[in-house]
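According to the numbering used here, the first sequence is numbered sequentially starting from 3.
For reference, the structure discussed in these notes is given below.
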Amino acid sequence: MPSIEIIKENIKNAIKNAVREKYSIDIKINIEKPPEGYGDFSYPLFDLVKFLRRDPADIGREIIDSIRLENIEKMEVSGNYLNFYVDYLSLSEEFIRNIWERGSEALNFEKKNIRVILEHTSANPTGPLHVGRGRNPIIGDTIGRILRKCGYDVETHYYVNDAGRQSAILVYGYKNIKLDVNEKKLDHMLVPYYQKANELMEKNPDIAKEVEKIMMDVEGGNEKIIMENREILGKVLDGIRETLSRINVRFDKFYWETELILNGSVKRVLELLKDEIKEEEGAYYIEVEVRGKKEKVFLIRKDGTSLYFTRDIAYHLVKSEMGDELIDVLGEDHKPHAEMLLQVLKKIKKDISIRTVFYSFVSLPEGRMSTRRGRVVYLDDLIDEAVDKAREEIIKRRSDLKEEEISSLAEKIGTGAVRFNILKIQSEKKLVFKWEEALNFEGDSSPFLQYSYARASSILRKESWKGNFSRNLLRDPSEISLVKNLLNYQEIILDSARELRPYKVAKYAVDLASSFNIFYSQCPVLRESEDIKQNRLGLVYAFRIVMGDLLETMGIEHPEEI
RNA sequence: GGGCUCGUGGCCUAGAUUGGACAAGGCACUGGCCUUCUAAGCCAGGGAUCGCGGGUUCAAAUCCCGCCGAGCCCGCCA
């Protein structure tokens, strides 16, 4: 089956050739998407009108007469545009047959044999995740799912910062302070120790020295200390993992920063860069050019210890040996860091490929989230609220469910809403967190998608489709519009993967669900005569497969009934 | 002060990579639709000088310049 993209390419080439032959000119052909009612692709004739000084209707006619295209059912001139109508109906027969034969497998792309190391989240293991950086795991995980669909071998990484000052403070606090903490979830449980240690440190320079000592031990590769620290930090990490797992985010690998010290990767970086390293007052740096400006990047402090940046170079070098392409999902504050990092890495490995997805922080109406000022919404709280809201909504509509069924459904709906409401917005756009929007279950929200899926499932539970589908039995415009939308799925996935913009998938999901809901309201299925019924069941079947696949790609559950 | 990003109806978002046909959705608002496959839905309606000012072009939300406003960054922190 030719993809929509290929059909577009064919149109473009056909016009280009026709114009070259008929008018002996070589011009750039720009094919665009016209508004509703003007076909599926269009070519503006302005350039030719201007060049030939002739009526667009005549030019259009001449082009139409001289080209032949497959999968195009109609071409016509309208004003200054040449419009093409794609023969979606014959494409639809093949598409739906594929789905009948192979199920959701029909929607995947061939294996590419390209290994992608996708790093995301990587929050410091010193406390629970909050919504401020909450976009990271959701965007990162969804990108991973999209790339897998496209045939990449994806390995997701969480880089655990156990070498910095913050980690040392938490470790000190947990080891030395006695507190009565009434909290089961591990990431929340350790917060008071961290806070108390920070407080003591400000007042007492001796404690600051103790913390310093931990850092030096870690830096020096003291394996015993490093492992002890990992045990404590690992508790917080377990809490973080528990939160993430609730919203379907899981990692293939947790890479501990201190591993780079223990396995000599940091030393190796310094060795590889030794010709470029310069000295200043006992500290060492190299120079890189970013945006035409020379920047000093320090690698070794004057006390001989390495910096986060140094270890990050080492980490990326290690990753580049594990995979062919690297992708990092980072907060906007890391932008300059990432630019410099890439420049340094290029000095070591010319052809290194790193793509970075940046997102801006989620803030509160009162301003930036800040744990210190207590102005913060934890991801756990957002998830809990969303699940509670989902429960209320379920109870409003369903009196037939048992308690466990309600709980399980509420979890699926609530967590889906959390993912979707973050996912649907372009990552570089700033986002102000408002409860009423975060808990929106209507319009472009995940319950809207899950609802359309459940409706389709419900029809198919009552009667099954036997696999027959014919374009000739499509009657209603809403059926055709649904078919068109279904056919766009793979193009959207590719587009979204190419640009690393998962919100495009989210937008498409709303369009698709919407076209199904319109179909649902316009076209009865079960009440129809046998042949129409079977045909419509085919549409419902295909929609259910595609929507299920879409929701999975976004990490959202798709219950059979809601 | 310098750099990066963003600015689209009352609110939120798409459209910007490739300039094109009346700027597209959602929330909120007004009115209609459950004896028919799940009303978390569907239909209809009002509501936008696309931050402001210039420029390029037959054509600008989109490209260029300037300004204003918001966020982020400018450590031998992470």
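All residues carry an ideal CB built from backbone N, CA and C; glycine is no exception.
Looking at the strands, I want to know which residues DSSP matches up with Gly333. Within the DSSP bridge table, the entry for Gly333 names Tyr361 as partners.
Lys76, DSSP secondary structure in three states: DSSP, reduced to helix, strand and coil, places Lys76 within a strand of the structure shown.
Proximal residues to Asp513 (C-beta, below 7 Å), its chain only, five neighbours per side dropped: Cβ neighbours of Asp513 beyond the five flanking positions: Asn487.
Continuous beta strand (DSSP E) assignments of at least 3 residues falling wholly in the stretch 421-499: The stretch 421-499 is shown to contain no whole beta strand (DSSP E) run of 3 or more residues.
Inter-residue spacing [alpha-carbon to alpha-carbon] between Tyr505 and Ile69: Approximately 37 Å between the Cα atoms of the pair.
Which same chain residues, not among the five before or five after Ser267, have their C-beta less than 6 Å away from its C-beta? Setting aside the 5 residues that flank it on each side, Ser267 is surrounded in the same chain by Ala316, Val320, each with a C-beta closer than 6 Å to its C-beta; the list follows chain order.
Tell me whether the beta-carbon of Ser448 lies closer than 7 Å to the beta-carbon of Ala419. Pairing Ser448 with Ala419 gives a Cβ-Cβ distance under 7 Å.
Hey, out of Leu262, Tyr40, Ile356, Ser372, whose CA is closest to Phe363's CA? Nearest Cα to Phe363 within the set Leu262, Tyr40, Ile356, Ser372: Ser372.
Looking at Gln524 and Tyr478, is the spacing between their C-beta atoms short of 7 Å? In the sequence as presented, Tyr is not what sits at residue 478; that position holds Asp. Between Asp478 and Gln524, the gap from beta carbon to beta carbon is short of 7 Å.
What number of angstroms, rounded off, separates the C-alpha of Ala440 from the C-alpha of Ile140? Approximately 14 Å, taken between the alpha carbons.
Taking its Cβ as the centre, do 16 or more other Cβ atoms sit within 10 Å of Glu233, making it buried, or is it exposed? Under this definition Glu233 is an exposed residue.
Have a look at Leu264, Phe545, Glu405, Val173 and flag the residue whose alpha-carbon is nearest the alpha-carbon of Ile482. For the options Leu264, Phe545, Glu405, Val173, the alpha carbon positioned closest to that of Ile482 is the one of Phe545.
Asp219 - partner residues in DSSP beta bridges: For Asp219, which the question treats as bridged, DSSP gives no partner whatsoever.
Take the Cβ of Met342 as the centre, count every other Cβ of all protein chains shown within 10 Å, and call the residue buried at 16 or more, exposed below. Looking at its Cβ environment, which holds 16 or more other Cβ atoms inside 10 Å, Met342 is buried.
Alpha-carbon spacing of Asn126 relative to Val162, whole angstroms: If you take the alpha carbons of Asn126 and Val162, they lie about 7 Å apart.
Residue from His159, Glu157, Met203 whose Cα sits closest to the Cα of Asn178: When each option's Cα is compared against that of Asn178, the closest is Met203.
Of the residues Leu384, Glu368, Ile385, the one placed nearest Arg377, counting alpha carbons only: Check the Cα spacing between Arg377 and each of Leu384, Glu368, Ile385: the tightest is with Glu368.
Which of the three DSSP states, helix, strand or coil, is assigned to Asn126? Coil.
Under the rule that 16 or more other beta-carbon atoms within 10 Å means buried, what is Leu528, buried or exposed? Here Leu528 is exposed, its C-beta having fewer than 16 other C-beta atoms within 10 Å.
Please confirm whether Asp386 and Trp258 have their CB atoms less than 7 Å apart. No, Cβ-Cβ distance for Asp386 and Trp258 is not below 7 Å.
Just to confirm my understanding: we take Ala170, look at its own chain, exclude 5 residues before and 5 after, and list those with CB closer than 6 Å. What are they? Annotation for Ala170: Val213, Ile216, Met217 place their beta carbon closer than 6 Å to its own, counting only its chain and skipping 5 residues before and after.
When you compare each of Glu406, Val292, Arg303, Leu272 to Glu283 by their alpha carbons, which one comes out closest? Selected option, being the one with the closest Cα: Arg303.
When DSSP labels each residue in this structure, what does Glu413 get in the three-state scheme? Helix at Glu413.
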